[in-house]
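With full-length UniProt numbering, letter number 287 in the sequence shown gets 287, and the count goes up by one each step, no holes.
A short worksheet on the structure shown next.
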Amino acid sequence: MLDRDKAMGINAVFVQVRPSGDAFYPSQYDPWSEFLTGKQGQAPQPFYDPLKFMIDQAHKRGMEFHAWINPYRMVFDVTKSSVAANHITKRHPEWFVRYGKQLIFNPGLPETVNYLVGVVKDIVHRYDVDGIHLDDYFYPYPTSQHFNDDAAYQKYGNGLSLADWRRANCDTAIKRVHDAILQIKPMVKFGVSPFGIYQNKSQDPGGSETRGTTNYHDLYADILLWLKEGWIDYVAPQLYWKIGKTGQDFRILLDWWANHTYGRDLYIGQAVYHADEKDVSGWSDTKELPNEIKFLRQFPNKVQGSLFFSNKSFNSNPNGFVDSLKNNYYRKPALIPPMPWIDKNPPNAPEIWAGSGRMPIIQGALDEISRREIVNKYVLYTGKSIEELGQHPEQIIVGNNNGSLFQFSLNYSNIPLGTKKFYVSVTSVDRENNESTESNIIRFEQKSDGSWQGFNGY
Numbered sequence: 001m002l003d004r005d006k007a008m009g010i011n012a013v014f015v016q017v018r019p020s021g022d023a024f025y026p027s028q029y030d031p032w033s034e035f036l037t038g039k040q041g042q043a044p045q046p047f048y049d050p051l052k053f054m055i056d057q058a059h060k061r062g063m064e065f066h067a068w069i070n071p072y073r074m075v076f077d078v079t080k081s082s083v084a085a086n087h088i089t090k091r092h093p094e095w096f097v098r099y100g101k102q103l104i105f106n107p108g109l110p111e112t113v114n115y116l117v118g119v120v121k122d123i124v125h126r127y128d129v130d131g132i133h134l135d136d137y138f139y140p141y142p143t144s145q146h147f148n149d150d151a152a153y154q155k156y157g158n159g160l161s162l163a164d165w166r167r168a169n170c171d172t173a174i175k176r177v178h179d180a181i182l183q184i185k186p187m188v189k190f191g192v193s194p195f196g197i198y199q200n201k202s203q204d205p206g207g208s209e210t211r212g213t214t215n216y217h218d219l220y221a222d223i224l225l226w227l228k229e230g231w232i233d234y235v236a237p238q239l240y241w242k243i244g245k246t247g248q249d250f251r252i253l254l255d256w257w258a259n260h261t262y263g264r265d266l267y268i269g270q271a272v273y274h275a276d277e278k279d280v281s282g283w284s285d286t287k288e289l290p291n292e293i294k295f296l297r298q299f300p301n302k303v304q305g306s307l308f309f310s311n312k313s314f315n316s317n318p319n320g321f322v323d324s325l326k327n328n329y330y331r332k333p334a335l336i337p338p339m340p341w342i343d344k345n346p347p348n349a350p351e352i353w354a355g356s357g358r359m360p361i362i363q364g365a366l367d368e369i370s371r372r373e374i375v376n377k378y379v380l381y382t383g384k385s386i387e388e389l390g391q392h393p394e395q396i397i398v399g400n401n402n403g404s405l406f407q408f409s410l411n412y413s414n415i416p417l418g419t420k421k422f423y424v425s426v427t428s429v430d431r432e433n434n435e436s437t438e439s440n441i442i443r444f445e446q447k448s449d450g451s452w453q454g455f456n457g458y
């Protein structure tokens with residue numbers, strides 16, 4: 001799956017590792033997931049750690065790995081879910097609210113926040129994750145059923161309205177998770193993928209020109225407060241509606257979110273799964289997802305990328321979208337934008353020189369000072385002129401500076417036919433995606449026998 005993702009230009013994966021109070025890793029808090037072995041609490045046989053394996057494989061391919069957890073949903077379906085004897089709902093049933101077929105943590109209890117923070121701290125402390133990601137399940141999507149948190153509200157409401165108290169509960173959880181990550185590994189990113197509508201304009205003048213369920217009023221998730229306070233590093237709203245849909249137009253919501261990030265990063269959630277579901281009305285349009293990418297690229301300084309839900313939907317190449325990414329929109333690799341509030345110190349530029357042979361390699365060395373910023377990628381730029389260098393990465397090579405030398409093998413198939421001369425430069429990139437200045441430049445010229453010769457200098 002990761003090989004396919006890399007081939008189509010994906011540079012980060014967001015993997016659910018805690019679906020319903022269970023874990024895809026050995027945890028002191030939650031039992032093994034039923035979605036891994038078929039039975040909750042049953043470890044994989046032969047034993048291995050799926051989370052470590054997935055992190056290692058993602059990093060091996062130069063991808064970031066974000067551990068995605070559901071904060072409050074603890075039993076997906078009480079009528080058929082496998083629930084282990086040591087599951088938290090069995091140990092502390094008083095912490096939960098039955099809502100429909102689900103058991104949900106009561107966000108108004110301090111014990112539930114403590115538990116959530118403990119889970120996050122455990123992951124961040126023990127695993128080399130690049131980020132912690134929370135899904136949109138805060139308070140449950142409303143139905144005709146009452147969410148019975150009455151006793152907690154009476155005990156902890158402190159004079160607030162029920163709605164304000166519920167929002168404050170989610171605020172507390174988000175801030176405490178943020179603070180815990182900052183204390184353990186401040187380089188780890190923290191973000192959420194909320195429902196696509198924050199508020200409708202009919203409810204608040206600052207809302208979007210939309211109709212429907214909202215984060216603020218229905219799920220009690222005050223996303224804008226979290227962005228304003230810097231408690232999250234990015235937001236990835238689930239804009240799973242088509243362009244032009246009445247009441248939930250992708251374009252209207254994209255524009256609204258692009259202007260309400262308060263300096264944090266914005267990734268747009270795109271619904272590949274709708275294109276994969278043949279019975280979903282209107283999603284047979286082969287241009288829908290590509291057009292969405294075109295729209296979000298109209299906000300180059302406000303939208304930092306896409307999050308596609310879900311990865312498995314790429315298996316069927318719905319409407320040829322995998323081919324569109326691989327051959328067009330993601331044809332050139334892309335660096336993940338750095339977050340300067342986390343780290344803004346770039347490594348030093350490498351020095352490069354041309355190797356020998358019919359297909360010469362590029363070799364390089366790092367200045368010793370760069371060891372202060374650990375390099376984990378090198379980026380190769382090519383251009384038919386010096387002015388073209390540094391615009392779009394040609395190759396991104398995973399590496400590190402454990403030694404002083406590195407090598408690139410040029411992909412000559414990417415050089416346009418008829419090219420007789422081109423230029424190459426290289427940059428270094430650290431773990432936080434800060435990129436160095438460009439190296440010195442190498443000139444390559446094609447000889448009469450079709451081979452290439454490199455010249456150190458231009």
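Built from N, CA and C at the ideal position, the CB exists for glycine as well.
This structure is a prediction, so every number in the text was calculated from the model and none was measured.
For residue i and residue j, what's the separation of their Cα atoms in angstroms?
i, j, result
"Tyr267", "Gln304", "6 Å"
"Glu368", "Lys344", "Confidence is the limiting factor: at Glu368 the pLDDT is only 47, short of 50, which leaves the residue's position unreliable, though a coordinate-based value still follows. Rounded to whole angstroms, Glu368 to Lys344 spans 19 Å at the Cα level."
"Phe308", "Gln453", "42 Å"
"Tyr156", "Val97", "16 Å"
"Ala221", "Leu2", "32 Å"
"Tyr139", "Met63", "32 Å"
"Asp285", "Asn319", "7 Å"
"Pro337", "Lys228", "20 Å"
"Pro340", "Val398", "22 Å"
"Trp353", "Asp130", "33 Å"
"Val272", "Ser310", "6 Å"
"Glu94", "Val78", "16 Å"
"Asn327", "Asn259", "31 Å"
"Arg61", "Arg297", "25 Å"
"Tyr137", "Leu219", "8 Å"
"Leu253", "Asn301", "17 Å"
"Thr246", "Asn411", "47 Å"
"Glu387", "Gly418", "19 Å"
"Asn215", "Gln199", "7 Å"
"Phe76", "Arg18", "12 Å"
"Ala236", "Asn414", "33 Å"
Going by beta-carbon coordinates alone, are residue i and residue j separated by less than 9 Å?
i, j, result
"Ile396", "Val424", "no"
"Glu351", "Ser439", "yes"
"Tyr234", "Lys278", "no"
"residue 524", "Ser81", "An answer regarding residue 524 cannot be provided, because it is not within the stretch 1 to 458 covered by the chain."
"Phe422", "Gly457", "no"
"Gln238", "Pro194", "yes"
"Val192", "Trp226", "yes"
"Ser316", "Gln270", "no"
"Gly230", "Arg264", "yes"
"Tyr99", "Gln145", "yes"
"Ala180", "Val117", "yes"
"Ser428", "Lys377", "yes"
"Phe299", "Asp5", "no"
Return the chain-ordered list of same chain residues with a C-beta closer than 6 Å to the C-beta of residue i, the five sequence neighbours on each side being excluded.
i, result
"Lys185", "Val124"
"Ile128", "Note on identity: in this sequence residue 128 is Asp, with Ile being the wrong assignment. The residues are Ile55."
"Phe14", "His66, Trp68, His133"
"Gly9", "Leu325, Tyr330"
"Ser142", "Here the sequence assigns Pro to residue 142, which means Ser is not the residue at that position. So the qualifying residues of the chain are Asp218."
"Asp22", "Asp30, Pro31, Ser33, Gln40"
"Trp241", "Gln248, Phe250"
Under 8 Å Cβ to Cβ from residue i, same chain only, skipping five residues before and after it: list those, please.
i, result
"Ala85", "Gly41"
"Lys52", "Tyr25, Tyr127"
"Pro44", "Trp32, Leu36, Thr37, Pro50"
"Ile243", "Asp249, Phe250, Arg251, Glu288, Asn291, Glu292, Phe295"
"Lys447", "Gln453"
"Val119", "Arg18, Ser27, Tyr29, Asp30, Ile69"
If residue i and residue j are in contact, beta carbons under 8 Å, what's the gap, nearest whole angstrom?
i, j, result
"Ile197", "Thr210", "5 Å"
"Val375", "Val426", "Not really, about 11 Å apart at Cβ, beyond 8 Å."
"Phe321", "Ala275", "6 Å"
"His87", "Pro50", "Actually they are not in contact, since the Cβ atoms of His87 and Pro50 sit about 19 Å apart, beyond 8 Å."
"Pro416", "Ala334", "Not quite, the Cβ-Cβ distance comes to about 21 Å (not below 8 Å), so this is no contact."
"Ser20", "Asp122", "Not confirmed; about 17 Å, so no contact."
Excluding five sequence neighbours on each side, which residues of the same chain lie with their C-beta closer than 7 Å to the C-beta of residue i?
i, result
"Trp256", "Ser208"
"Leu160", "Ala168"
"Gln57", "Leu2"
"Ala152", "Asn106, Gly108, Leu109"
"Asp135", "Trp68, Asn70, Ser193"
"Val113", "Thr172, Ala173, Arg176"
Does the structure place the stretch 72-80 close enough to the stretch 99-118 that three or more beta carbon pairs sit under 8 Å? yes
Would you check if there are 3 or more beta carbon pairs closer than 8 Å linking the stretch 331-344 to the stretch 431-448? yes
Contact between the stretch 276-293 and the stretch 169-179 (3+ Cβ pairs under 8 Å): no
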